[in-house]
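K.L.:
Here it is: the structure, laid out below.
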């Protein structure tokens, strides 16, 4: 891996079995298996897991492009497009713009086979699984708060090795539902979920926003969280969640005629004076509306 | 007194006759009233409130203010809020992430912008929109990030707390596509002429005009692949992500769309916007979700 001592031997990224490759100076790809523990209500891969893929691929690119500076994810957006029809889902990222203070990256998530080739269905490539974009804030290396050691040379390929998820990913975090209608869910801050700054990893934040939005919207529609599929996440990362637990709340927006609805989810670090760490716009649809193919 | 606000808007105290043709400015086209909400304890950044009618000539196929127009007002209000928070430095919008959950609006719409984070290099603002004519139904939300810039030569001067009255209705209303000089057409490429009225005082294309172009272009690109619930072909934009990568200075401006996929009555469209006259450079990249309505 690229960071000394990160991630620790027992870590979510290891349990997701992510494999990464820097394909050029400004592009990379990261993949994970589409397994049942990471499945959403309709059998597709949870958007929060796809966001984790995207966060990792973006971070890999940013680490190379910005070296020796460091970076922090400022915002991340992802929208589901098609069903994941392969055994793996792969995020392919590339640089859109490198500025003085920010780096903007886009990523396409596609289905790939065991050999890493694009899945072909009926002689053609299926629709991509998702499209995503993100902004990284550049943290100058001279910044004294930057205390993350990094190896001088980044490997071209690496894998996060660990166990396997034996239970649904929200149970593995674990996410506790405190009040579904209010979108109040909670997750502890522990090394299993850390990023390289010792705070909750950005993908886990996305999973938490997804869970909170699904709970609130599912309750509002009387379907329950298991009856909703989150299709879009727009996340602003405001501060690191280092103490915990991280606790969410949600405001439900109007519901469209077909049952699609949105919510604004806020995440706070309860152990750090309820500091606001994240705000996310969450869009979800009834599971039967978006019915995706199960791989 | 006519002054220039922190995002380049012409500012006039509430109730005064502005004395200028406000319809010439992008944000005035949507008749956005704005007022500053100072912090309760006197410390911290101000919030901003806003209100805009939903004029018939601005309604889209979804029945309400079309999403590009809503984003224009959000960009104006959010930019203003961020600008106040960054003073004496300036700001420029770098990203706008918006979700519109209800396309049919009664109006007027009431907007609220709050600063979430004010950093050395950026300001992050949240925006909410409720439909006053529909019992304050919460119809949209957005997140905006602005980069903080060193001030240039232009002097910023305005009264605090800031207020801008709602401009009156236009005498000769035109639809958004015409107002924003978006050329007629269909298919994956849509063009906008960079007329001077679409520029802000810094001479660059208003972010709201970019949003309207993205909306119109994505809808045109997706229209042929979507069929409305009544068998028609009405389409409307909902979730929009825009990354403003570089300013638009020359024009014409071209939005090049790729329909990434269509499923369950919605299309995901990648929109790449180029300043054709500036070596065709990529100026904005984003995605638009288009629904059949």
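Protein chains in written order, with the working numbering: chain A, 1 to 295; chain B, 296 to 588.
We put the CB at the ideal spot given by N, CA and C, even for glycine.
At a Cβ cut of 7 Å, what residues of the region 95-128 of chain A count as close to chain B, listed as they run along the chain?
P.N.:
Cβ contacts with chain B come from 96, 97, 101, 102, 104, 106, 127 and 128.
K.L.:
What's the C-alpha gap between residue 287 (chain A) and residue 226 (chain A)?
P.N.:
Taking the straight line joining both Cα atoms gives about 8 Å.
K.L.:
Using a C-beta cutoff of 8 Å, does residue 40 (chain A) count as contacting chain B?
P.N.:
Not closer than 8 Å to any Cβ of chain B, the Cβ of residue 40 (chain A) fails to qualify, so no.
K.L.:
Among the residues of its own chain, which have a CB less than 7 Å from the CB of residue 68 (chain A), if the five just before and after it don't count?
P.N.:
Taken in chain order, the residues that qualify are 141.
K.L.:
If contact means a Cβ-Cβ distance below 7 Å, which residues of the region 52-80 of chain A contact chain B?
P.N.:
Of all residues in the region 52-80 of chain A, 74, 75, 77 and 79 have a Cβ within less than 7 Å of some Cβ in chain B.
K.L.:
Quick check: residue 91 (chain A) and residue 54 (chain A), are their CB atoms within less than 8 Å of each other?
P.N.:
In this structure, residue 54 (chain A) lies closer than 8 Å to residue 91 (chain A) by Cβ.
K.L.:
Is residue 9 (chain A) buried or exposed, if buried means 16 or more other CB atoms sit within 10 Å of its CB?
P.N.:
By the neighbour-count rule (16 or more Cβ atoms within 10 Å), residue 9 (chain A) is not buried but exposed.
K.L.:
Spatial neighbours of residue 409 (chain B) within its chain, please: CB distance less than 6 Å, with the 5 preceding and 5 following residues excluded, ordered by chain position.
P.N.:
Correct list, in chain order: 342 and 421.
K.L.:
Along the chain, where does the beta strand (DSSP E) that runs through residue 106 (chain A) open and close?
P.N.:
It spans 102-112 - the beta strand (DSSP E) in which residue 106 (chain A) sits, taken as one unbroken run.
K.L.:
Say whether chain B places a C-beta atom closer than 8 Å to the C-beta of residue 251 (chain A).
P.N.:
It does; some Cβ of chain B falls within 8 Å.
K.L.:
Which two residues bound the contiguous alpha helix (DSSP H) that contains residue 9 (chain A)?
P.N.:
No alpha helix (DSSP H) holds residue 9 (chain A); DSSP gives it neither H nor E.
K.L.:
Mind listing which residues of the region 401-412 of chain B have their C-beta closer than 7 Å to chain A's C-betas, in chain order?
P.N.:
Within the region 401-412 of chain B, the qualifying residues are 411 and 412.
K.L.:
Quick one: Cα of residue 534 (chain B) to Cα of residue 560 (chain B), how far?
P.N.:
Spanning the two alpha carbons is a distance of roughly 14 Å.
K.L.:
Have a look at the DSSP bridge pairing and note the partners of residue 136 (chain A).
P.N.:
A:73 and A:103.
K.L.:
Considering residue 371 (chain B), what are the terminal residues of the alpha helix (DSSP H) in which it resides?
P.N.:
Counting along the chain, the alpha helix (DSSP H) containing residue 371 (chain B) begins and ends at 362-381.
K.L.:
With 8 Å set as the bound, which would you pick, yes or no: does the beta-carbon of residue 431 (chain B) sit closer than that to a beta-carbon of chain A?
P.N.:
No - not a single Cβ of chain A is within 8 Å of the one on residue 431 (chain B).
K.L.:
Tell me residue 234 (chain A)'s beta-bridge partners as DSSP assigns them.
P.N.:
DSSP, once it has assigned bridges, lists A:77 and A:281 as partnering residue 234 (chain A).
K.L.:
Rank A:51, A:37 and A:262 by C-alpha distance to the C-alpha of residue 219 (chain A) and give the top, closest one.
P.N.:
Minimum Cα distance to residue 219 (chain A) is reached at A:262.
K.L.:
What in chain B is Cβ-close to residue 279 (chain A), meaning under 7 Å?
P.N.:
Ordered by position in chain B, the residues that pass the 7 Å Cβ test against residue 279 (chain A) are 411, 421 and 438.
K.L.:
Can you list, in chain order, the residues of its chain whose CB lies under 6 Å from that of residue 244 (chain A), leaving out five sequence neighbours each side?
P.N.:
These residues qualify, in order along the chain: 188, 189 and 271.
K.L.:
What does residue 565 (chain B) reach in chain A if we use C-beta pairs closer than 7 Å?
P.N.:
Chain A residues near residue 565 (chain B): 131.
K.L.:
What's the C-alpha gap between residue 45 (chain A) and residue 175 (chain A)?
P.N.:
Distance between the alpha carbons of residue 45 (chain A) and residue 175 (chain A) is about 18 Å.
K.L.:
Is the separation between the beta-carbon of residue 373 (chain B) and that of residue 402 (chain B) shorter than 8 Å?
P.N.:
No, they are not a contact pair.
K.L.:
With a cut-off of 8 Å, does the C-beta of residue 396 (chain B) fall near any C-beta of chain A?
P.N.:
By this cut-off, residue 396 (chain B) is an interface position.
K.L.:
Return the residues of the region 531-547 of chain B that lie within a Cβ-Cβ distance of less than 7 Å from chain A, sorted by chain order.
P.N.:
So the list reads 534, 536, 538 and 540, given in the order they occur along the chain.
K.L.:
Since residue 48 (chain A) meets chain B, which of its residues come closer than 7 Å, beta carbon to beta carbon?
P.N.:
Per Cβ cutoff of 7 Å: no residues; residue 48 (chain A) is ~17 Å from chain B at best.
K.L.:
Report all residues from its chain with a CB closer than 8 Å to the CB of residue 96 (chain A); omit the five preceding and five following residues, and keep chain order.
P.N.:
So the list reads 104, 105, 106 and 133, once near-sequence residues are dropped.
K.L.:
Looking only at its chain, what residues have a beta carbon closer than 8 Å to the beta carbon of residue 71 (chain A), apart from the 5 residues adjacent to it on each side?
P.N.:
59, 62, 63, 103, 136, 137, 138 and 139.
K.L.:
Could you tell me whether the region 190-198 of chain A touches the region 11-24 of chain A, where touching means 3 or more Cβ pairs closer than 8 Å?
P.N.:
Yes: the two stretches touch, three or more of their Cβ pairs being nearer than 8 Å.
K.L.:
Helix, strand or coil for residue 127 (chain A)? Go by DSSP, reduced to three states.
P.N.:
Three-state result, residue 127 (chain A): coil.
K.L.:
Excluding five sequence neighbours on each side, which residues of the same chain lie with their C-beta closer than 6 Å to the C-beta of residue 475 (chain B)?
P.N.:
Excluding residues within five positions, the ones whose Cβ falls inside 6 Å are 504 and 507.
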